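Undergrad: Residue numbers (full-length UniProt numbering): 1 to 108.
1. For the alpha helix (DSSP H) containing residue 86, name the first residue and the last one.
2. Kindly give me the distance between the Cβ atoms of residue 69 and residue 53, rounded to whole angstroms, as I take these residues to be in contact under 8 angstroms.
3. Once you ignore the five residues that flank residue 6 on each side, which residues in its own chain have a CB closer than 6 angstroms to its CB?
4. To the nearest angstrom, how far is the alpha carbon of residue 66 from that of residue 50?
5. List the endpoints of the continuous beta strand (DSSP E) containing residue 101.
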């Protein structure tokens, strides 16, 4: 017999591997909610994250937890802020067609 609370812990601590397609689904859902006004920068955005999490779990048949989704949002926010810092550095040029930045050697 399993100890009391085992089923609850198994639900809460998912060992689902996060894939690129899950990332795309999650990101697209967050963008959809941002465009509709539900996602605001530097706010908890619980409603938007829960809706995006629902989309991921429904489309991919997973049981990803809310804590996991919050971690993904935090990581996306960090990556976005780093990207904006690099792109806004003097002499750095973002090329959207190549998906890369270019800069003179002295900048690097």
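We treat Cβ as the ideally placed atom computed from N, Cα and C, and that holds for glycine. All of these numbers come straight from a predicted model, not from anything done at the bench.
TA: Answer, in terms of the structure:
1. Boundaries of the alpha helix (DSSP H) harbouring residue 86: 66-87, taken from the DSSP string.
2. Rounded, the Cβ-Cβ distance is 4 angstroms, consistent with contact.
3. Because the pLDDT of residue 6 is 41, which lies under 50, any placement of that residue in the model is unreliable, and the number read from its coordinates should be weighed accordingly. Around residue 6: no qualifying Cβ.
4. Note on geometry: alpha-carbon atoms of residue 66 and residue 50 lie some 7 angstroms from one another.
5. Start and end: 100-102.
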